[in-house]
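S.K.:
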Amino acid sequence: MPSLLFYYIISLVIFYLIGRSFFIIFKFDKNKVFDVRIENFYLVIGLIVASQILFLFNFFSGLSEFNLILSLIPFLIINSIRFSFPKFSSKSFLKILIIFIFFISFFDIGLSKDSYLYHLSSQNWLYSEKIVFGLSNLNPYLGYMSISEYSSAVLNEINLNLAHVFNLIFLITFFTTIIEFISSENFFYRNIAFSLGIFGVLDNFGFDGGRNGFIAIQEINKFDYSFSIISFLFVIFSLNHLLYKNRISNIELLTLSLFLIFAIQMRIIGVVLFILFLTILIKFKQFKSYSHFSFLLLLAWMIKNIINTSCIFYPIPQTCIKSSWLFINQAEYINRIVLDSFRDPENGINSLDNFYWIIEVFIPSNKNIIFNFFISVALLRVFFTIYSKIANTKKNKFKIIYFLSSLSFILFWIFFLPQYRFSSFFLMVALIIFNFDLMKTDFKINHFVNLSLTIVSLILVINLNDYKSFINDPSSELKIELPIVEYIEMPFYGVVPNSENSKGILCFQRTDCYSGKYNLILEEQNGYKFIKPIDTDYYSKLIN
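Heads up: the sequence shown begins at 1 in this note's numbering, then just goes up one per residue.
(1) If you draw a straight line from the C-alpha of L126 to the C-alpha of L417, how long is it?
(2) Taking buried to mean at least 16 other C-beta atoms within 10 Å of its own C-beta, is S228 buried or exposed?
(3) Take every Cβ of the segment 44-56, pair it with every Cβ of the segment 188-204, and state whether three or more of those distances are shorter than 8 Å.
(4) Judging by CA-CA distance, which residue of F443, F327 and F34 is the nearest neighbour of I386?
(5) Pick from L542, L522, I543 and N544: whose alpha carbon is nearest that of I534?
(6) By the 10 Å Cβ neighbour count, where 16 or more other Cβ atoms means buried, how is G516 classified, buried or exposed?
(7) S423 and I369 - do their beta-carbons sit closer together than 8 Å?
(8) Going by C-alpha to C-alpha distance, which of K304, P140, L162 and F342 sits closest to L506?
(9) Rounded to a whole number of angstroms, what is the C-alpha to C-alpha distance between I198 and L453?
(10) Relative to the C-alpha of H164, which candidate in F106, I172 and V201 has its C-alpha closest?
(11) Can you check the segment 114-202 for any alpha helix (DSSP H) of at least 4 residues that lies completely inside it and give the ranges in chain order?
(12) Could you have a look at Y607 and say whether DSSP puts it in helix, strand or coil?
(13) What is the rounded straight-line gap between the Cα of V110 and the Cα of T319?
(14) By Cβ distance, which residues of its chain are closer than 7 Å to K32, with the 5 residues on each side in sequence left out?
(15) Helix, strand or coil: which one does DSSP assign to P497?
(16) Can you check DSSP and say which residues form a bridge with I531?
(17) Report, in whole angstroms, the separation of the C-beta atoms of F373 and N212, which I expect to be a contact under 8 Å.
(18) Taking S291 as the reference, give the member of N250, I307, S310 and L260 with the closest Cα.
(19) Could you tell me the alpha carbon to alpha carbon distance between I328 and L542, rounded to whole angstroms?
(20) Between N519 and I248, what straight-line distance do the alpha-carbon atoms span, to the nearest angstrom?
(21) Look at the alpha carbon of N246 and the alpha carbon of F284, and state the distance between them as a whole number of angstroms.
(22) Are M266 and S146 close, meaning C-beta to C-beta below 8 Å?
(23) So for L478, helix, strand or coil by DSSP?
(24) Measure the C-alpha to C-alpha separation of I545 and F188 and round it to an integer number of angstroms.
(25) Taking its Cβ as the centre, do 16 or more other Cβ atoms sit within 10 Å of K532, making it buried, or is it exposed?
(26) Using the Cα positions of Q419 and Y402, report the straight-line distance between them to the nearest angstrom.
(27) Tell me which residues share the same chain as L43 and place their Cβ nearer than 7 Å to its Cβ, disregarding the 5 neighbours each side in the sequence.
(28) May I have the straight-line CA-CA distance separating T393 from W413, to the nearest angstrom?
(29) Cα-Cα, which of L431, N354, F355 and T279 is closest to S376?
(30) Which whole-angstrom value describes the C-beta separation of N167 and S84, a residue pair presumed to lie in contact below a C-beta threshold of 8 Å?
(31) Output the distance between the C-alpha atoms of L438 and I471, rounded to the nearest integer angstrom.
(32) Is K91 helix, strand or coil when you go by DSSP?
(33) When the Cα of L460 is compared with those of L142, A216 and I99, which residue comes out closest?
(34) In the DSSP output, which residue or residues are listed as bridge partners for R37?
(35) Could you have a look at I251 and say whether DSSP puts it in helix, strand or coil?
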């Protein structure tokens, strides 16, 4: 534990300093962004910037060649230019406490199942090789490679547990932002903090344990809630500006664009946020802002996708282009498989052209979550009414619009990502929009009550087993050991897993491992590796 705690703190300090450098470089001398103290963004912006640096570096070399110490020197110099001792307050103490509370989550955390399927393999490729043409031909899941894999690849080389830092940075940012909201003069923020506090507490009480769509801690290499957090914050900051501001600064627009780009780099579904971003540009007439240079990162990401998969956005077949490494019909097949696995994971491709899966699979699996969500929505309105001593809020002609907008988020989740782990962004936004008339009312919410709800919801986010493990042995050495896997050589290139603990499909030690029943060849051109299919009609036969 002592060594992991040390690396945990050092990792956060590094990301903090990188994030602070970002705002210094762009000569931002105000103490707030989006009416929130600027320090609140250092960690998450530091992670975003560091991830982009590693991502771009991988175009030219494996991450094992990345000199971390040398790369930190410029950031240390930049920080020294505007060095000042931080001013500690009760709020600062609370934020530091949040950091240490989340460290407890290391005590009962493990690798996700998908880590063995493709995350560890992705990270091994990134660490050992520069970008590979046709990487998805080896394993279709490698085509999904998220931006999270780049920082995780470096963190994992120190300790497999340390990749958990990626998710913790978003959780820390989420709760420290709520702390900022609670003490804000902006009643819109205070109401959101109150709503999330109630929502987070109710997440632990109700049908089937009370799950209602609030965020949670996931296993290592699962980043669904991290995506939900950054997307949710993007929406809240955007709405605040659209409702209450007459202008948006370049640094705020740049921060929003980085949130948007990072969300897309985590999950392609993040493109839905473009609608809100475009609305911001139109209202504030910011089409010529210098902040738009950040979208070069999105262009680079699309180039990366083409190199790895021959598709601009994988596995959307309409975005695929013909190339020497294109695996014909792979994207179309995987697109069907993935959507069906979300809708009906037990019975193969049978849910794409009908809605039986909603009645037979989705509702039985998620009915308690939906009940809990709507109970939470109703109780939230009750709490606001009781607390404000108002019999009823003013009639609002937009309530039907709020309801329909909220419903659209819920339906989007149901039809396109119908699993609970994807629900938080959609349900938290739906919660806020459904109660939008309350969010825009200046209630005098007691600071202590608001803060208490947030602290309780924070404590309840961490699994009970984490607390038990920490109390039983707070100094235990936290380390994940990978099982040993045996392999069989393929005729042309690669190996397939053969041992019992690999289940014939789990590749997590050798980069050249795959489980598909087809042959591949490896070629090298100008120092870059190309993985090409020999059996080019493999997926065409599966589709037909």
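We treat Cβ as the ideally placed atom computed from N, Cα and C, and that holds for glycine.
For clarity, every value in this text was computed on a predicted model and none was experimentally measured.
M.R.: Straight from the coordinates:
(1) 28 Å
(2) buried
(3) Per the Cβ contact rule, the segment 44-56 is not in contact with the segment 188-204 (fewer than 3 Cβ pairs under 8 Å).
(4) Among F443, F327 and F34, the Cα nearest to that of I386 is on F443.
(5) L522
(6) The residue in question, G516, is buried, as its Cβ has 16 or more Cβ neighbours within 10 Å.
(7) Yes, they are a contact pair.
(8) P140
(9) 6 Å
(10) F106
(11) Correct list: 120-128, 135-138, 148-156, 164-182 and 187-202.
(12) Limits of the chain in this structure are 1 at one end and 544 at the other, which puts residue 607 out of reach.
(13) Checking the sequence, you will find Gly at residue 110 rather than Val. Distance between the alpha carbons of G110 and T319: 35 Å.
(14) I38
(15) strand
(16) L522
(17) 5 Å
(18) N250
(19) Their Cα atoms are separated by approximately 11 Å.
(20) 54 Å
(21) 7 Å
(22) yes
(23) coil
(24) With the chain covering 1 to 544 only, the question about residue 545 has no answer from this structure.
(25) buried
(26) 24 Å
(27) L12, F15, Y16, G19, I169, I172 and T173
(28) Confidence in T393 is poor, its pLDDT being 49 and thus under 50, which makes the residue's placement unreliable; the coordinate value appears in the next sentence. Taking the straight line joining both Cα atoms gives about 29 Å.
(29) L431
(30) No, N167 and S84 are not in contact; Cβ-Cβ is about 30 Å, not under 8 Å.
(31) 41 Å
(32) helix
(33) A216
(34) K32
(35) DSSP places I251 in helix when its eight states are reduced to three.
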